[in-house]
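The structure appears right after this line, and notes come after that.
Have a look at this one:
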């Protein structure tokens, strides 16, 4: 099923490769047929004209063999390129839309595409195409003499047994080696992504040892797999050479007894070599075959999940009514749920501030609201339709999200606000910046909206990156905007601009959810929810929730009165939305 999906749409090219393989293998018979004609016609008659005629015929046959072999190689290379080109967008989209797959596999599926392309373009793929012809060549040897056919068939069966044994012995270490290599690559990606903090805190050596330990584990497993595959490959070469010697020795005996001509004996030896070559080559390249099979399986899984997502029907344009029903999130390695039984109902034009201590589940709730965190139980609904029922591409046009860590793309400010959309209208970009109250800030940059931000926004300050990320969340026709700690790096002026942006967004009918610890923004939202240990322990009108949650600062503490002082961890009852209103 999965391999069919990977090669789906390439049937015409695969058929062309198969036909070219047909002609290549038919023309391989040129050498044994030429040998037969030399022994049966030329050597008996001594005719030079006959020798010239059959030599010219053999030359033409070899020329066509060359042409079809070149065509087959080119078609195979194009098949590999077409597979990577056609599946690349779907695989990347699957990794972006399905976070569970992305967290489990990382960027491995993209490397799988390259590995599959290299395999299809390489010699082991053509060996698989040639393998079925081994049966035909052995059948021809049986026509020469039954004894030679039995020897050839027995030899091929021995080679196939070695191939199966190679699969049994090499499957597990090869799979474990690939998984260990994948883990080592993920650690390397993390180190490079956090290179600044690794270097600044002097952790380079220790983290390199951690990465090296995973790499050594992968190398050990790879060596074990390679040793077993090399052993089977050597045994296959030994078996094939012994087989040819046995066939030639038997053939000589048959020639002496007058049951076989020398030409048939030589032709049988050539055909046996050709019949054994694909099997021997497949054994030698078994590691590549297994890697390609594992890559095909991983790609098939992503494509299968992607096809299910693409099958979702588009729904009418949402109004923006957001409801959460019994949302629960549990991780396999944690005993307690990260979210438990969270329920909310937010009508268009509502703004919600989510507060609570660290580890209360605020970020998990924010990610669940935008579909980044799958729920173990419950639903997040937009206009009464579960978020999982909306096509990701469609609902994404109406959802704005700003994570805690704002990372920008390598491009200009305008490109980052428009999420690198080449067709974005400049007027929409400017409008998003004005909605987020960052238009003046952008104009103060050296080149305004055309200012390059550098890799991951390194040329901007943390506060500037955060405000650009805010404009990105406001870009387009957003109905739900979720902001996770949007004021963590903002000065008072930036916080006031953020508060105005939230108020203006709700005035346009948006639902805005702000996860924060600071009071400045909480005073400007309509509702507030306090979370603790994955639950909402208080919910209602923002003023009432804050009065019940915050202890007024006094004395020397008043300089920090913009922050929540005390969280009540054990409230007696959960205030409902209706009671809070």
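In full-length UniProt numbering, the protein residues as written are 1 to 581. For each residue, glycine too, the CB sits at the ideal point set by N, CA and C.
Using beta-carbon positions only, say whether residue i and residue j come within less than 8 Å of one another.
i, j, result
"residue 368", "residue 380", "yes"
"residue 471", "residue 499", "no"
"residue 495", "residue 520", "yes"
"residue 449", "residue 288", "no"
"residue 134", "residue 177", "no"
"residue 469", "residue 525", "no"
"residue 522", "residue 542", "yes"
"residue 286", "residue 179", "no"
"residue 207", "residue 219", "no"
"residue 528", "residue 545", "yes"
"residue 322", "residue 536", "no"
"residue 385", "residue 315", "yes"
"residue 278", "residue 130", "yes"
"residue 96", "residue 272", "no"
"residue 479", "residue 332", "no"
"residue 339", "residue 361", "yes"
Would you report the Cα separation of residue i and residue j, rounded to the nearest angstrom?
i, j, result
"residue 509", "residue 383", "14 Å"
"residue 554", "residue 547", "Note that residue 554 has pLDDT 41, beneath the 50 cutoff, so the model's placement of it is unreliable and the number below is only indicative. Roughly 15 Å between the two C-alpha positions."
"residue 387", "residue 371", "7 Å"
"residue 85", "residue 404", "34 Å"
"residue 122", "residue 162", "22 Å"
"residue 262", "residue 79", "43 Å"
"residue 432", "residue 366", "21 Å"
"residue 400", "residue 476", "9 Å"
"residue 512", "residue 349", "8 Å"
"residue 324", "residue 174", "45 Å"
"residue 10", "residue 45", "52 Å"
"residue 347", "residue 320", "7 Å"
"residue 493", "residue 110", "43 Å"
"residue 245", "residue 41", "27 Å"
"residue 482", "residue 359", "18 Å"
"residue 32", "residue 55", "13 Å"
"residue 281", "residue 25", "16 Å"
"residue 231", "residue 375", "49 Å"
"residue 313", "residue 89", "20 Å"
"residue 20", "residue 71", "7 Å"
"residue 301", "residue 217", "26 Å"
"residue 397", "residue 474", "11 Å"
"residue 274", "residue 233", "17 Å"
"residue 552", "residue 345", "Because the pLDDT at residue 552 is just 46, under 50, the model does not fix this residue reliably, and the value given afterwards should be weighed accordingly. Rounded to whole angstroms, residue 552 to residue 345 spans 29 Å at the Cα level."
"residue 224", "residue 172", "10 Å"
Excluding sequence positions up to five away, which residues of its chain have a Cβ less than 6 Å from the Cβ of residue i?
i, result
"residue 169", "228"
"residue 429", "414, 417, 418"
"residue 556", "Its pLDDT being 41, under 50, residue 556 is placed unreliably in this model, and the value from its coordinates should be taken loosely. The answer is none, since no qualifying residue turns up."
"residue 583", "Nothing about residue 583 can be read from this structure; the chain reaches only from 1 to 581."
"residue 489", "462, 463, 466"
"residue 378", "325, 326, 327, 328"
"residue 14", "none"
Could you please give the first and the last residue of the uninterrupted beta strand (DSSP E) stretch that includes residue i?
i, result
"residue 541", "535–541"
"residue 352", "351–355"
"residue 530", "527–532"
"residue 408", "Run containing residue 408: none; DSSP gives neither H nor E here."
"residue 339", "339–346"
"residue 381", "377–382"
"residue 491", "Where residue 491 is concerned, there is no enclosing beta strand (DSSP E), given that its DSSP letter is neither H nor E."
"residue 481", "480–484"
Could you name the residues of the same chain whose beta carbon sits closer than 8 Å to that of residue i, not counting the 5 residues immediately before and after it, in chain order?
i, result
"residue 30", "58, 61, 62, 65"
"residue 255", "261, 262, 265"
"residue 239", "155, 158, 159, 162"
"residue 87", "6, 113, 299, 303"
"residue 558", "The predicted position of residue 558 is uncertain, since its pLDDT is 40 and thus under 50; no value can be drawn from it."
Excluding sequence positions up to five away, which residues of its chain have a Cβ less than 7 Å from the Cβ of residue i?
i, result
"residue 584", "Because the chain is modelled from 1 through 581, residue 584 falls outside the range shown and cannot be assessed."
"residue 115", "291, 292, 295"
"residue 363", "404, 484, 515"
"residue 337", "328, 329, 330, 534"
"residue 187", "210, 211, 214"
"residue 120", "76, 79, 80, 83"
Assuming residue i and residue j form a contact by the criterion Cβ under 8 Å, report the distance between their Cβ atoms to the nearest whole angstrom.
i, j, result
"residue 267", "residue 36", "5 Å"
"residue 75", "residue 17", "5 Å"
"residue 283", "residue 236", "5 Å"
"residue 420", "residue 409", "6 Å"
"residue 356", "residue 530", "6 Å"
"residue 447", "residue 487", "Incorrect: roughly 26 Å between the Cβ atoms, too far for contact."
"residue 247", "residue 152", "7 Å"
So with Cβ pairs under 8 Å, would you call residue i a contact of chain C?
i, result
"residue 183", "This model lacks chain C altogether; it includes just one protein chain."
Would you kindly report the start and end of the unbroken alpha helix (DSSP H) that includes residue i?
i, result
"residue 328", "Where residue 328 is concerned, there is no enclosing alpha helix (DSSP H), although the beta strand (DSSP E) it sits in stretches over 322–329."
"residue 238", "204–256"
"residue 519", "519–522"
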